[in-house]
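Have a look at the structure below before the remarks.
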Amino acid sequence: MRFFTRLWPYIMRYRLRMSIGLLALVVASAASIMAPYVLGRAVDSLRAGVSTQKLLLFAGLTIGIQTIDSGLRFITRVWVSGSSRKMEYDLRNDVYAHIQSLDQKFFHDNQTGDLMARVSNDVTTIREILGPGLMDLFRSVLLFIAGVTIMLTIDVKLALLAAAPLPFITLVFVWIGHAIEKRFHAVQTQFGELTTFVQENFSGARVVKAYVQEENEADAFERETQAFERANLEYARLATALWPLLTVLVGISTVVVIYVGAMDVKSGAITLGQFVQFNSYIVLLAMPMVNLGWTLNLYEQAAASMVRVEEVLSRRPLVVDAPGVQPAPPIRGSITFDHVSFGYFNHPVLHDVTIDVPAGTTLAIVGQTGTGKTTLVSLIARVYDVRSGRIAIDGTDVRDLPLEQLHRSVAFVPQESFLFSTTLEDNVAWGGEADAAHVQAAVELAQLSNDLPQLPHGMQTMVGERGVSLSGGQKQRVAIARALAREAPILVLDDALSHVDAYTEERILSGVRTFIAGRTAVIIAHRVSAVKWADQIVVIENGRIVERGTHEELVARDGAYAQLDRRQRLEQQLGDDGDDGTEGSS
C-alpha cells in the first residue's frame, strides 16, 4: 500500500477523469456478466421449442451487450490510460525538478546514466500499473465478485469446485511476487549502469578514438549488455512462470467442473441452460484470473521502480535556505573568508583560511593543483557549506542569503567549460538575463568576435553536445562570455584561461579588466601573468595560505610566488621561438 500512498496525490489530481473511466468499466463489467445469463436462457428456450422471433431477440441482446461492453471499455481506456499518461508527465517533471534542487554531493554520489534511467524507464514502469494494470485489476475484481455470486446461486457445489484453485493461486502470488520485485529492481539498476556506460562513451568519443580504444570499449559494452541480459533472463524466468502456472490451475478446475456439471445435467439437478451459463462464467472469469498474474507482474515492476524513484525523492539537499530568510539589499560584492575550514568525506582540504576582499577589487589565488583553490571559490556560492568559520558577502553570512539571490549575484566560470547543445548565442545568453546588446558586448570582451567569421553560421552556429565543434580555448571563451553577459556584481574565474595561449590570455584579460571595473573578481590561475595586476594575491599550499600581497610585494619576498614567476617567465622565453601568437586548439 506504500506504493499507492506515495502516488495518491497524483491520483487525486485526476480523480474526476479516473472516476469517469472506472464508472464506465463498472457498467461494461455488468454488461459482460449479463452475456452468459442471456446465453443460458437462450439454450433453455431452444430446448423448450422457442419461436424464431425470440431466438432473434436473444441474438440481438447478445450483440447489444457485446457492443455496450466494447464501447464502454474503449471509454475506460481513453480516460484511465489518458490519466495515467498525465500522472506520468507530472511525476517525471517532479522527479526532474527535485533532482535539479539537490546539491553537488548528490551528483557526486550518483551516476548520470542511472539518474536518466530513473527519470525515464522507472517512471514509465510506474505509469503501466496506473493505466493498463489498474484497469485489468479493477475489471478482474468486479467480474470475479459478480461471477462467483451468480455461480453460487446456480450450484454451490460447482461454484466451490470452480473456486478451488484460489488458495493455490494466492500461494503462487506470494511465492513469486517478492522475487519478481527483487529481480526487476536488479534489471533497472543494471539498465542504469548500461545507460551510464553509453553516455560516458558517447561524450568521450574523441578520447576513445584518439587512443584507438574502439575495440576495447566495444568489448566493455558487450560485457555491460551481457550483465543486463543476465538480469533480464533471471527476471523473465520468474515472470513467465506465472502465466502457465495459473493457466494449468484454472484448466484443471474447468475440466472438473465440466465433468461434475454434466453429471448434474444428466441427473436433472440443473438445466442444460444453467450448465452452459455456468461454464460461460468460467470462461469469462478464466482470463481475468490469469491476467491477475500479469497485473501482479506489473505491480512488482512498478514497486521496484517506485523504490528507485523514492530513493531520489527522499533525498534532501544539504545546502538550503535558512528558515525565514529574507532578500538582502542589492549586493555590492565585498567577500570575507573568516577562518574557513572544509573537507570532503572527512578529508581536510582547507585549513583556517582568512581573506578580506573589498567590494570592487580583484583577488587572485595561485598554487599547485590539488591545494584547495577550486574548493575555496566554490564555497562563495554555497556549492558546499563550510565546516567551520564563515564566508560573508557585504557582511552577511552567505548562509543567511537567499540561494537564488546569491547565485544570481555570482557569475562563475568553472575549470571545465560546459556548453549546451544549442547555438553559440543561446549559450552566451543562457539564463535569460542578457539581451542582444549585452550578449554582443560579452562576446567582444571575451575575444570571441574574431572567431565568428570562421564559424559556419556565426552566433547561430550549433556548438554540438558539450560544445564538441569548438576548440578548448573557444569553449572557455564562450563560458567567460556567458558569465560576463550576466553582469553580476561578483565574477569568479576558476582557471578559466588554461586552454588559451599567453597572447590570447592577455587580450581576454584586457576585456575582463574593463568589465570588472567597479565589480569584485576572484581569479584562480596557473599563470602569474594572468593575475599580476590583481589588487591582492594569495598563494595556497596544502589548503593553507602561505603568502599574500600584491605582485610586487610577493616578488620582493622571493618566496613560492617569486619562484613560480621566474620559472614561468623562463618557460615563456624558451617557447617564444615557436609561438606564432595564435590560440591552440587543445
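Numbering-wise (the working numbering), the sequence shown opens with residue 4 and increments by one.
Built from N, CA and C at the ideal position, the CB exists for glycine as well.
Taking buried to mean at least 16 other C-beta atoms within 10 Å of its own C-beta, is residue i buried or exposed?
{"i": "Gly375", "result": "buried"}
{"i": "His181", "result": "exposed"}
{"i": "Arg76", "result": "buried"}
{"i": "Gln56", "result": "exposed"}
{"i": "Val369", "result": "buried"}
{"i": "Asn219", "result": "exposed"}
{"i": "Glu623", "result": "The first residue shown for the chain is 4 and the last is 589, placing residue 623 beyond what the model contains."}
{"i": "Arg130", "result": "buried"}
{"i": "Tyr506", "result": "exposed"}
{"i": "Ile334", "result": "buried"}
{"i": "Thr173", "result": "exposed"}
{"i": "Val446", "result": "buried"}
{"i": "Asn96", "result": "exposed"}
{"i": "Leu140", "result": "buried"}
{"i": "Thr8", "result": "exposed"}
{"i": "Leu455", "result": "exposed"}
{"i": "Lys160", "result": "exposed"}
{"i": "Gln575", "result": "exposed"}
{"i": "Gly476", "result": "buried"}
{"i": "Arg186", "result": "buried"}
{"i": "Leu573", "result": "exposed"}
State the CB to CB distance for the pair residue i and residue j, rounded to an integer number of angstroms; the pair is presumed to be in contact (CB under 8 Å).
{"i": "Thr357", "j": "Asp341", "result": "6 Å"}
{"i": "Ser344", "j": "Asp397", "result": "The Cβ separation is near 23 Å, so there is no contact."}
{"i": "Phe353", "j": "Thr378", "result": "Sequence inspection shows Leu at residue 353; the Phe mentioned does not correspond to that position. Their Cβ separation, rounded to whole angstroms, is 6 Å, which keeps Leu353 and Thr378 in contact under 8 Å."}
{"i": "Asn604", "j": "Val190", "result": "With the chain covering 4 to 589 only, the question about residue 604 has no answer from this structure."}
{"i": "Ala307", "j": "Glu184", "result": "5 Å"}
{"i": "Val416", "j": "Val525", "result": "About 11 Å; that fails the 8 Å criterion."}
{"i": "Ile153", "j": "Ile36", "result": "7 Å"}
{"i": "Gly24", "j": "Ile78", "result": "7 Å"}
{"i": "Asp568", "j": "Val531", "result": "5 Å"}
{"i": "Ala449", "j": "Ile519", "result": "About 13 Å; that fails the 8 Å criterion."}
{"i": "Ser412", "j": "Pro332", "result": "At roughly 11 Å, the Cβ-Cβ gap does not stay under 8 Å, so Ser412 and Pro332 are not in contact."}
Based on Cα-Cα distance, which residue from the options lies nearest to residue i?
{"i": "Gln329", "options": "Leu382, Gln408, Ala537, Val466", "result": "Gln408"}
{"i": "Glu217", "options": "Thr426, Val190, Asn204, Glu227", "result": "Asn204"}
{"i": "Arg645", "options": "Asp72, Ser73, Leu133, Ala537", "result": "Because the chain here runs from 4 to 589, residue 645 falls outside it and cannot be looked at."}
{"i": "Gly373", "options": "Arg393, Tyr347, Gly271, Val159", "result": "Tyr347"}
{"i": "Glu508", "options": "Ala528, Arg522, Pro492", "result": "Ala528"}
{"i": "Val542", "options": "Ala307, Asp72, Gln371", "result": "Gln371"}
{"i": "Asp438", "options": "Thr517, Ala488, Gln539", "result": "Ala488"}
{"i": "Ala34", "options": "Arg44, Gly74, Leu19, Tyr17", "result": "Gly74"}
{"i": "Ile68", "options": "Phe6, Arg95, Pro39, His101", "result": "Pro39"}
{"i": "Glu303", "options": "Leu275, Val380, Ala242", "result": "Ala242"}
{"i": "Lys535", "options": "Glu544, Ser513, Gly327", "result": "Ser513"}
{"i": "Gln229", "options": "Leu249, Ala162, Phe194, Val503", "result": "Phe194"}
{"i": "Asp355", "options": "Asp139, Trp433, Thr8, Ser391", "result": "Ser391"}
{"i": "Asn545", "options": "Val401, Leu406, His350", "result": "His350"}
{"i": "Gly608", "options": "Ser84, Ile78, Leu118, Val41", "result": "Since the first and last residues shown for the chain are 4 and 589, residue 608 lies out of range."}
{"i": "Asp388", "options": "Ala244, Leu49, Asp324", "result": "Asp324"}
{"i": "Leu118", "options": "Ser474, Leu197, Leu59, His410", "result": "Leu197"}
{"i": "Val29", "options": "Ser86, Ser104, Ser84, Met138", "result": "Met138"}
{"i": "Thr425", "options": "Thr399, Ala520, Met462, Ala444", "result": "Met462"}
{"i": "Val312", "options": "Gln457, Asp125, Ala559, Asp504", "result": "Asp125"}
{"i": "Ala563", "options": "Leu573, Ile548, Leu577", "result": "Ile548"}
{"i": "Gly327", "options": "Leu406, Ile383, Leu59", "result": "Leu406"}
One question on the structure: do residue i and residue j come within less than 8 Å of each other, judged by their Cβ atoms?
{"i": "Ala537", "j": "Leu500", "result": "no"}
{"i": "Ala165", "j": "Ile285", "result": "yes"}
{"i": "Val122", "j": "Tyr99", "result": "yes"}
{"i": "Ala18", "j": "Trp82", "result": "For the sequence presented, residue 18 should be read as Arg rather than Ala. No."}
{"i": "Leu554", "j": "Val315", "result": "The question names Leu, but residue 554 in the sequence shown is His. No, the Cβ-Cβ distance between His554 and Val315 is not below 8 Å."}
{"i": "Ala414", "j": "Leu299", "result": "no"}
{"i": "Asp47", "j": "Gly276", "result": "yes"}
{"i": "Phe176", "j": "Leu252", "result": "no"}
{"i": "Lys522", "j": "Gln539", "result": "Per the sequence shown, residue 522 should be read as Arg rather than Lys. The answer is no: Cβ separation not under 8 Å."}
{"i": "Leu427", "j": "Val466", "result": "yes"}
{"i": "Gly136", "j": "Leu10", "result": "no"}
{"i": "Ala395", "j": "Val386", "result": "no"}
{"i": "Ala31", "j": "Asp72", "result": "yes"}
{"i": "Leu249", "j": "Met292", "result": "yes"}
{"i": "Ala167", "j": "Ser256", "result": "yes"}
{"i": "Ala305", "j": "Thr128", "result": "yes"}
{"i": "Phe281", "j": "Asp158", "result": "yes"}
{"i": "Glu490", "j": "His410", "result": "no"}
{"i": "Leu58", "j": "Leu49", "result": "yes"}
message: Check whether the region 414-422 and the region 476-487 are in contact - that is, three or more C-beta pairs closer than 8 Å.
response: yes
Contact between the region 259-267 and the region 133-144 (3+ Cβ pairs under 8 Å): no
- prompt: Does the count of Cβ pairs from the region 101-113 and the region 305-325 closer than 8 Å reach three?
  reply: yes
message: I'd like to know if the region 263-276 and the region 223-240 are in contact, where contact means that at least 3 CB-CB pairs between them fall below 8 Å.
response: no
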